[in-house]
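**Q** Line order of the protein sequences matches chains A, G, D and C.
Under the working numbering, the first sequence is numbered contiguously, ending at residue 379.
Under the working numbering, the second sequence is numbered contiguously, ending at residue 644.
Under the working numbering, the third sequence is numbered contiguously, ending at residue 1043.
Under the working numbering, the fourth sequence is numbered contiguously, ending at residue 1333.
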Amino acid sequence: MNIKAVKAMRGGTHVPSGTTPVSEPLDGDSACDSGSGSERRSGGHESGTGDSAKGPGRRRAVVAVAVVALLAAAPVVLAPYPVSAMSRMLAFAVLVLSVDLLTGVTGLPALGQAAYFGAGAYTAVLIGIHITSDALVQTLAGLVMGLVAAAVTGWVAVRASGIVFLMLTLAIGESVHQVADTWQAVGASNGLAGMPPITLFGGPPLLAAGFVHWWVLAVAVAVFAAVALVVRSPYGRTLRGIRDNEARMRALGYRPALARYGVFCLAGAVAGAGGALWAQQARFFSPGDMGFEVAALALLSVVIGGPGSLWGPCLGAALVLLVRDNLSASIGGHGPLVLGAVFIAVVFLMPRGLAGLTGARLRGLIAARGARLRKENAS
Amino acid sequence: MTPQRVTPLLELRGLTRSYGSLTAVDSVDLALAPGERHALIGPNGAGKSTLFATVAGTLRASGGSVLLSGQDVTSLPEGERARRGMVRTYQHSSLFLDCSVLDNVALAVQRVHRVAHRCDRAARRFRHIDTEARRHLDSVGLLGRAQDMAAALSHGERRQLEVAMVLATEPALVMFDEPTAGMSAAETERFVALMERLPERLTVLIVEHDLDVVFRLAERVTVLHLGKVLASGPPEAIRADEAVQRAYLGSARTEDLFAEAGGER
Amino acid sequence: MGVVSVFSLSRTIAGLALGALVLSGCGSSLGESDTAEPGGGRSGGDVKIGLLVPLSGVYAPVGEDMKAGFELYLDQHDGKLGGHDVDLVTADEGEGPQTGVPAAQKLVTQDQVTAVAGVVNSATALGLRDFFHESKKPLLIANAGADAITGARKSDYVWRTSFSNGGVSGALGPAVAEEAKGSVYLMAADYAAGKEMVAGFRKSFEAAGGKVAGEKYTPFGKTQDFQPYLSAIRKSGADAVFAFYAGAEAVNFVKQYKQFGLADKTPLYGTGFLTEGGVLAAQGKAAAGVKTSLHYSTELKSARNKEFVDAYRQKSGKPPTAYAVQAYDAAAVLDKALAKASGDSGEDLVKALGGVGSIDSPRGAWKFDADHNPQQQFYLREVRADEGPAVNAVVRELD
Amino acid sequence: MATYLVSVLNGLAMGSLLFAIALGLSLVFGMMDVLNLAHGAVYLVGAYVAVALVADGAGVAAFVLAVLAAAVAGAVLGGLLAALTRATAHHLDQALLTLGVALVVGEVLTLAFGTDVHSIAAPEPVGGGVTVLGETYPVYRLLVIGFGIVLAVAVYFLVERSPLGSLIRATVADRAMVAALGVNTGRVLVGVFAAGAALAAVGGVLAGPILGAQPGLDEKVLLLALVVVVIGGLGSVRGALLGAVLIGQVQALGTALLPQYASFLVFAAMALVLLLRPTGLLPARTAVHA
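(1) For residue 252 of chain A, would you say it is in contact with chain G, using Cβ-to-Cβ distances shorter than 7 Å as the test?
(2) Nearest to residue 278 of chain A by alpha carbon, out of A:74, A:268 and A:290?
(3) Would you list the one or two residues that DSSP bridges to residue 597 of chain D?
(4) Does any residue of chain A have a CB that is nearer than 7 Å to the CB of residue 489 of chain G?
(5) Can you tell me which of the three DSSP states residue 1191 of chain C falls into?
(6) By the 10 Å Cβ neighbour count, where 16 or more other Cβ atoms means buried, how is residue 1200 of chain C classified, buried or exposed?
(7) Which residues of chain C have a Cβ atom closer than 7 Å to the Cβ of residue 178 of chain A, listed in chain order?
(8) Looking at the C-beta of residue 494 of chain G, does it have a partner C-beta in chain A at a distance below 7 Å?
(9) How big is the Cα-Cα spacing for residue 838 of chain D and residue 1115 of chain C?
(10) Since residue 1028 of chain D and residue 1038 of chain D should fall inside the 8 Å C-beta cutoff, what is the C-beta to C-beta distance between them, to a whole number of angstroms?
(11) Along the alpha helix (DSSP H) that carries residue 705 of chain D, what are the first and last residues, could you check?
(12) Does the separation of the CB atoms of residue 817 of chain D and residue 852 of chain D fall below 7 Å?
(13) Determine, for residue 99 of chain A, whether the minimum Cβ-Cβ distance to residues of chain D falls below 7 Å.
(14) CA-CA distance, residue 967 of chain D and residue 897 of chain D?
(15) So for residue 768 of chain D, helix, strand or coil by DSSP?
(16) So, does the CB of residue 1224 of chain C fall closer than 7 Å to a CB anywhere in chain D?
(17) Can you give the Cα-Cα distance for residue 475 of chain G and residue 1316 of chain C, rounded to whole angstroms?
(18) So, residue 173 of chain A versus residue 114 of chain A, is the Cβ gap smaller than 7 Å?
(19) Whose Cβ in chain G lies nearer than 8 Å to the Cβ of residue 233 of chain A?
(20) Establish whether the CB of residue 475 of chain G and some CB of chain A are separated by less than 7 Å.
(21) Would you mind stating whether residue 1290 of chain C and residue 1061 of chain C have Cβ atoms separated by less than 7 Å?
(22) In the segment 246-274 of chain A, which residues sit with their C-beta less than 8 Å from some C-beta in chain F, listed in chain order?
(23) What three-state label does DSSP hand residue 899 of chain D in the structure shown?
(24) For residue 800 of chain D and residue 794 of chain D, I'd like the C-alpha separation in whole angstroms.
(25) For residue 198 of chain A, report the span of its alpha helix (DSSP H) as first-last.
(26) Taking 7 Å as the threshold (beta carbon to beta carbon), is residue 286 of chain A in contact with chain C?
(27) Distance, Cα to Cα, residue 212 of chain A vs residue 84 of chain A?
(28) Alpha carbon to alpha carbon, what distance is there between residue 1310 of chain C and residue 1318 of chain C?
(29) Tell me whether residue 321 of chain A sits in a helix, a strand or coil according to DSSP, three-state version.
(30) Measuring only the C-alpha atoms, how far is residue 404 of chain G from residue 1225 of chain C?
(31) According to the Cβ coordinates, are residue 814 of chain D and residue 791 of chain D closer than 7 Å?
(32) Output yes or no for whether 7 Å exceeds the beta carbon distance between residue 446 of chain G and residue 390 of chain G.
(33) Could you give the first and the last residue of the continuous alpha helix (DSSP H) run that contains residue 152 of chain A?
(34) Out of G:600, G:604 and G:615, state which residue places its alpha-carbon closest to the alpha-carbon of residue 419 of chain G.
(35) Need the endpoints of the beta strand (DSSP E) that residue 371 of chain G sits in, please.
(36) I'd like to know if residue 942 of chain D contacts chain C, where contact means its C-beta is closer than 7 Å to some C-beta of that chain.
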């Protein structure tokens, strides 16, 4: 959490970040340019003028294509359950992406994204029951509802940063959850059931898990691409600037609260789309699907995956759901034990999260980590 | 040059800042003509830093006013002053350490060019931002390190990057807060050379301990003592001023006059 | 690496992978019916049954009781249901649909169970309804009480061996109207079950001429201190209180009801969950005198129940609960239905479920009504804690 | 009116417990920037110590013994957490680490004590009730209020008036400066971490007769403590006290006055405070970089 910023705020004084010893090049996928930044660094001293990231960029594109191809191939070979589990992970990964936009890219630890996830999901279910089973309409409506909900509530949170932001988003999330939990029109705590299967472009209902999976995958990939674009755009740079040194941004003439409000709304839209996807694959939504636990797991997925990287948190999302849904029952309901052990292990074994685990970087990380520890213990 | 005839770029009128009963800056009047290189000196505790911060908007003034090109900016926060062309550097470099050197400068450039909130294209597609940022890096001699993390820069290089960032906001007035503090002799030499290359039209206010640097760079010098302006004028006049000598000697901190500032970091 | 070679390589890999996957044909999820795997459920005379109960989260104590109840039935019948050896697959329902729905889907589509029993949470049960309805697999709800499960959203494939919320509380209404001297204050946790419990009670209570002094819902799962509500009850001048709570909230409510001196003056009524199982053990003497309605009590005098209580005690070391009985009965229902079913499919089993007739249960004989809900006897129980551990003594049968 | 006064009294009892629990969380955050998400688990350890030792209503001596045992257990856990969190400098990683510990500790407690709700009886002599303003009020809660007052005074003298306290406050304000002065901050930090955790565990014993012990209680308590800390101001002792009293009242008096909004009150109060004063009501003094 951006505690530096908290400290700066509470004193009302400027804490110069230059005094903190953060001088390790390897500290972070928090790094600028979540995508190409890491290659830049591991690439060492390239000329610095050309497109030095071309080689790794291609390799990444190949990996991305392969991953999407494998995900797309899943319904052909796998039985319904693993496929629907993958759809669930994808929908959850979209929620995690929205948290990553705030937490990883902008440095705002968010615990309230489940609220916008829920807003999108309820919208999709209500449209499915009462208006149309068209998946595109539902998803777009979910996205818009997430955006609107974030725009309406976000102003409360974006003035703050650090743990204050965390607590304000928690308050938003819990309040919205409470409303859903007691509001009869959306089924209160029993949730909204009876959503018909989705259709696409006027086609037949998609009952089979495989077709639903393809739809969820397509939307998830589109959202991922959109978020990746934002992260690489000038706006993404602005957001990273806020994360790194908000006071300096202000001194440069930026209005950080405005930029934060923007990304908050954006993240709300992404979460809303994720909620719509979740509802479409489950054909049901209840307050339990948007509670504190969901928000916390989404934030944890980001931390596990490596904040700021985009694919790391997605992998984190898959890992978290895998542990919770599949491992828990097989060890007599002690899923939390495994989850806790995973958290501890991640901190000690993967200091930069899953995203830190790219081949050559691993060795460097271990060396850098040793150096950092020595330095800290010395201070 | 007679700054009184044209509208001063920066004008302070009775600027005061107090902490409770302590008045750190006591009705300071000062005017900087466009393009002027002005240095602010004084013994430790003279109120330089407070005056500097109050002018920059980092601190709120308790009284008096700050005018930029004749417009009152006293009530504006630092960021708004920056948008009007008045920027400062920080004693302890304030950079985006987890971003590349190029990104540090690009952040300043893209704000000025009003693309800071564009997210429809990747940043590198905005070629003019890139070019502009590299030009500023080149001007401070950091182009070769454009792709490195800011955190990997040495102390002196960080100062250079600060300058590049500040220049990239296309300011009318740049305020340097003890820019050479903690620099080695060689770094200081490079820095002074960099300062001497700054565009002519740029107005500069510099707070500095190293009087050698001050007398090389400044066209006019203002001496602050106990929060008040003790003397103001061309470097030669200040050097000869007896009151100034007394103030420095009387404070029993002669070393401040000629030695590099110690204990700043 | 050259760009061209990279791309062609990737194409090759993708092509190979896809081809291999298609050829292997080890399964697919593109069929219209998710579970049309012939013979998957029963091979070689075995039958696979899914038990979906919470093993983690706040409902874990309920889940444990249900698991013990279901297993007890199997133990008593040599691990057979309807003559088939049972392969029992237990899954963790967790706290809500987030975990419960995927777990049930796994049981049906992955483990290919013939039927699923369990489900504590009503939202999970309602969320699963369409899935079971379309998969044509029987789901035996052994706890979740939402009225809609066997009401507005009933399905041929969803059956309930427990209760409906409105049924349990509705049974108590006339009794309280008769016993309480004046008006009654209604309190419940603020969620769907709480609302249904109060609504069910209120309806039959007012029909029997009862008067309501006030109605309050407390934040569900968040209320630890009931003092503000207890003061409001005192101020309302109510002569009795009807309350619905379960788990930790039930413990705190009943204990504080006693600590703040209400128990001595204002009788407390509720649905049986207020004083059931581990909850009652934690409340101890503080619960003495609390009167509740439920379809079961360990203190039922029947021989069938005595035998059940002894066997259950021997197995798990503590007295049984209504939750255990509900799961025990789910096993009994499956036993009968599997014996009668003419084939392997869900349709066959559902047809057999319609004909299981009367179930000889520790709670007393019961049978399914037209909505697949148990038609059963409710009892008025009163907590006695004079000597030994507190128990729910049976006062009388409710009608 | 009397009804509301009883609620105020009750709010004070809850506030006393919250203060004991939140204090360590606040100081650890202020001094080390560590958001200790295992704080609730430490509390629950204390509660289960009480379950193990005095569940069925023991005498005063046994209760005091339980308090001491919980303090020791809490201190050990706190020291362990302090050592663990020093292994990483990244704040999100530290939070993740402490959350991992919280989950493991919670699960181990469940394995040892089962999933059932446990209640803990107040010590025999104070198990009854007295009449306050015409209503019966449990004596034990009055004692808890007394404990809160004693604790507040003791902490005030320790932190605001003693040399150790000035060191603690200086560390909150500017850790680097204190370290530069040659003070071994490591020992102070571990000490405060352990003491804060011990206090939370003691809170678990003392809250036992009111809240009992069950899996999941750690999360609820942690959430409330976080709200208290944020409202009061991170790292501030006086802030933690004010925040605890305020949240106690919001929960008791607020619920009595606005029962229909009970579930929103705590978060609404927090949002309101943070919107007006983002640094909390009584923020700790930080170093001034002029």
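Idealized CB from N, CA, C, for every residue including glycine.
**A** According to the structure shown:
(1) Translated into positions along the first sequence, residue 252 of chain A becomes position 252. Yes, residue 252 of chain A counts as interfacial toward chain G.
(2) The residue you call residue 278 of chain A lines up with position 278 of the first sequence. Ranked by Cα distance from residue 278 of chain A, the options A:74, A:268 and A:290 are led by A:290.
(3) The question about residue 597 of chain D has no answer, for chain D in this structure spans 645 to 1043.
(4) Stepping through the second sequence from its first residue, residue 489 of chain G is reached at position 110. Closer than 7 Å: yes.
(5) Residue mapping note: residue 1191 of chain C aligns to position 148 of the fourth sequence, counting from 1. Residue 1191 of chain C: helix per DSSP, three-state reduction.
(6) Here residue 1200 of chain C corresponds to residue number 157 of the fourth sequence, with the count starting at 1. Counting of Cβ neighbours within 10 angstroms places residue 1200 of chain C among the exposed residues, the total staying below 16.
(7) Translated into the one-based positions of the first sequence, residue 178 of chain A becomes position 178. In chain order, 1306 and 1307 make up the part of chain C whose C-beta sits under 7 Å from the C-beta of residue 178 of chain A.
(8) Position 115 of the second sequence, counting from 1, holds the residue named residue 494 of chain G. At least one chain A Cβ lies under 7 Å of residue 494 of chain G.
(9) Residue mapping note: residue 838 of chain D aligns to position 194 of the third sequence, counting from 1. Residue mapping note: residue 1115 of chain C aligns to position 72 of the fourth sequence, counting from 1. Using only the alpha carbons, I get a separation of about 41 Å.
(10) Stepping through the third sequence from its first residue, residue 1028 of chain D is reached at position 384. Stepping through the third sequence from its first residue, residue 1038 of chain D is reached at position 394. So it is not a contact: roughly 10 Å between Cβ atoms.
(11) Reading the third sequence from its first residue, position 61 is the one you call residue 705 of chain D. Per DSSP, residue 705 of chain D belongs to the alpha helix (DSSP H) from 704-720.
(12) What you label residue 817 of chain D is simply residue 173 of the third sequence in a count that begins at 1. What you label residue 852 of chain D is simply residue 208 of the third sequence in a count that begins at 1. With contacts defined as CB atoms closer than 7 Å, residue 817 of chain D and residue 852 of chain D qualify as a contacting pair.
(13) Your numbering for residue 99 of chain A matches position 99 in the first sequence. Not one chain D Cβ lies under 7 Å of residue 99 of chain A.
(14) As a position in the third sequence, residue 967 of chain D is number 323, starting the count at 1. As a position in the third sequence, residue 897 of chain D is number 253, starting the count at 1. Taking the CA atoms as reference points, residue 967 of chain D sits about 21 Å from residue 897 of chain D.
(15) Within the third sequence, residue 768 of chain D is the residue found at index 124, counting from 1. Shown here, residue 768 of chain D sits in a helix according to DSSP, grouped into three states.
(16) Position 181 of the fourth sequence, counted from the start, is the residue given in the question as residue 1224 of chain C. Taking a beta-carbon distance threshold of 7 Å, residue 1224 of chain C does not count as an interface residue toward chain D.
(17) Taking the second sequence and counting its residues from 1, the one referred to as residue 475 of chain G is at position 96. Taking the fourth sequence and counting its residues from 1, the one referred to as residue 1316 of chain C is at position 273. In a straight line, the C-alpha of residue 475 of chain G is about 31 Å away from that of residue 1316 of chain C.
(18) Here the question's residue 173 of chain A lines up with position 173 in the first sequence. Here the question's residue 114 of chain A lines up with position 114 in the first sequence. The beta carbons of residue 173 of chain A and residue 114 of chain A sit closer together than 7 Å.
(19) Residue mapping note: residue 233 of chain A aligns to position 233 of the first sequence, counting from 1. Here the neighbours are 497, 498, 499, 500, 501 and 502.
(20) Residue numbering aside, residue 475 of chain G sits at position 96 when the second sequence is read from its first letter. Interface residue, yes.
(21) Locating residue 1290 of chain C in the fourth sequence gives position 247, where the first residue counts as 1. Locating residue 1061 of chain C in the fourth sequence gives position 18, where the first residue counts as 1. Yes; because the gap between Cβ atoms is below 7 Å, this pair is in contact.
(22) Here chain F cannot be found, since the structure's protein chains are A, G, D and C.
(23) Locating residue 899 of chain D in the third sequence gives position 255, where the first residue counts as 1. Helix at residue 899 of chain D.
(24) Locating residue 800 of chain D in the third sequence gives position 156, where the first residue counts as 1. Locating residue 794 of chain D in the third sequence gives position 150, where the first residue counts as 1. One C-alpha to the other measures close to 10 Å.
(25) For this step, residue 198 of chain A is matched to residue 198 along the first sequence. Element bounds for residue 198 of chain A: n/a, residue is neither H nor E.
(26) As a first step, residue 286 of chain A must be located in the first sequence, where it is residue number 286. Chain C places no beta carbon closer than 7 Å to that of residue 286 of chain A, leaving this residue out of the contacts.
(27) Walking along the first sequence from the start, residue 212 of chain A turns up at place 212. Walking along the first sequence from the start, residue 84 of chain A turns up at place 84. The C-alpha of residue 84 of chain A is placed about 8 Å away from the C-alpha of residue 212 of chain A.
(28) By 1-based counting over the fourth sequence, the position of residue 1318 of chain C is 275. By 1-based counting over the fourth sequence, the position of residue 1310 of chain C is 267. Whole-angstrom Cα-Cα distance: 12 Å.
(29) Taking the first sequence and counting its residues from 1, the one referred to as residue 321 of chain A is at position 321. Looking at residue 321 of chain A - three-state DSSP - the assignment turns out to be helix.
(30) Position 25 of the second sequence, counting from 1, holds the residue named residue 404 of chain G. Position 182 of the fourth sequence, counting from 1, holds the residue named residue 1225 of chain C. C-alpha separation (whole angstroms): 34 Å.
(31) If you number the third sequence from 1, residue 814 of chain D lands on position 170. If you number the third sequence from 1, residue 791 of chain D lands on position 147. No, these two residues do not count as a Cβ contact at 7 Å.
(32) Position 67 of the second sequence, counted from the first residue, corresponds to residue 446 of chain G. Position 11 of the second sequence, counted from the first residue, corresponds to residue 390 of chain G. Judged by beta-carbon spacing, residue 390 of chain G lies within the 7 Å limit of residue 446 of chain G, meaning their Cβ atoms are closer than that value.
(33) Position 152 of the first sequence, counted from the start, is the residue given in the question as residue 152 of chain A. Where residue 152 of chain A is concerned, the enclosing alpha helix (DSSP H) stretches over 135-158.
(34) As a working mapping, residue 419 of chain G is identified with position 40 in the second sequence. From the listed residues G:600, G:604 and G:615, the smallest Cα separation to residue 419 of chain G is found for G:600.
(35) Nothing can be reported for residue 371 of chain G: it is not among the residues displayed for chain G, which extend from 380 to 644.
(36) One-based indexing of the third sequence puts residue 942 of chain D at position 298. So, not an interface residue.
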